[in-house]
Amino acid sequence: MRYGIIYNRGDIVLVPFIYSDLSNFKLRPALIISNNLVKFSENKICCLITSKPWPGDISIEKSDLLRGNLPVKSFVRPEVMLTVNSRMIRRKLGEVNPSLIKKVVLRINEYIN
Numbered sequence: 000m001r002y003g004i005i006y007n008r009g010d011i012v013l014v015p016f017i018y019s020d021l022s023n024f025k026l027r028p029a030l031i032i033s034n035n036l037v038k039f040s041e042n043k044i045c046c047l048i049t050s051k052p053w054p055g056d057i058s059i060e061k062s063d064l065l066r067g068n069l070p071v072k073s074f075v076r077p078e079v080m081l082t083v084n085s086r087m088i089r090r091k092l093g094e095v096n097p098s099l100i101k102k103v104v105l106r107i108n109e110y111i112n
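Those letters in the sequence shown? Residues 0 to 112, per numbering that gives the first Met the number 0, in order.
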């Protein structure tokens, strides 16, 4: 995290995404889904963003973007989450509207309830 930058729910950020077998990592875009209830935590819960859709993924439409853009058609993969410290975030790529966040959180609730 660069000094003074605050990341919030709905931000699309570039993070080192660790493979599920912990063998390696790759820089990937991710959507911050955690809220700001824990005021002093630098940890953010993120969902993977991918260009290769799978069943259950949520499409990011141009109308969902409040700021920034994604170079290719992209999808949020709600079942692939990562908790990342804000210092590990490489940069902010954009921001999505609250309705997309709501869709992602509802899908996660379907998976865990």
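All residues carry an ideal CB built from backbone N, CA and C; glycine is no exception.
Check: Using C-beta distances below 7 Å, list every residue in its chain close to residue 18, excluding the 5 sequence neighbours before and after it, in chain order.; Outcome: 24
Check: Residue 96 to residue 32, Cα distance in whole Å?; Outcome: 12 Å
Check: Is the beta carbon of residue 84 less than 7 Å from the beta carbon of residue 34?; Outcome: no
Check: Which term fits residue 47, buried or exposed, when burial requires 16 or more other beta carbons within 10 angstroms of its beta carbon?; Outcome: buried
Check: Measuring CA to CA, which of 64, 56, 72, 15 is closest to residue 109?; Outcome: 56
Check: Assign residue 90 to one of two classes, buried (16 or more other C-beta atoms within 10 Å of its C-beta) or exposed (fewer than that).; Outcome: exposed
Check: CA-CA distance, residue 99 and residue 63?; Outcome: 7 Å
Check: For residue 5, count neighbouring C-beta atoms within 10 Å of its own C-beta (all shown protein chains included) and say buried if the count is 16 or more, exposed if not.; Outcome: exposed
Check: Whole angstroms is fine: what's the gap from residue 102's alpha carbon to residue 70's?; Outcome: 22 Å
Check: From the DSSP secondary-structure annotation, give me the bridge partner or partners of residue 94.; Outcome: 10, 66
Check: In its own chain, which residues sit with a C-beta less than 6 Å from the C-beta of residue 104, not counting the 5 before and 5 after it?; Outcome: none
Check: Are the CB atoms of residue 30 and residue 44 nearer to each other than 7 Å?; Outcome: no
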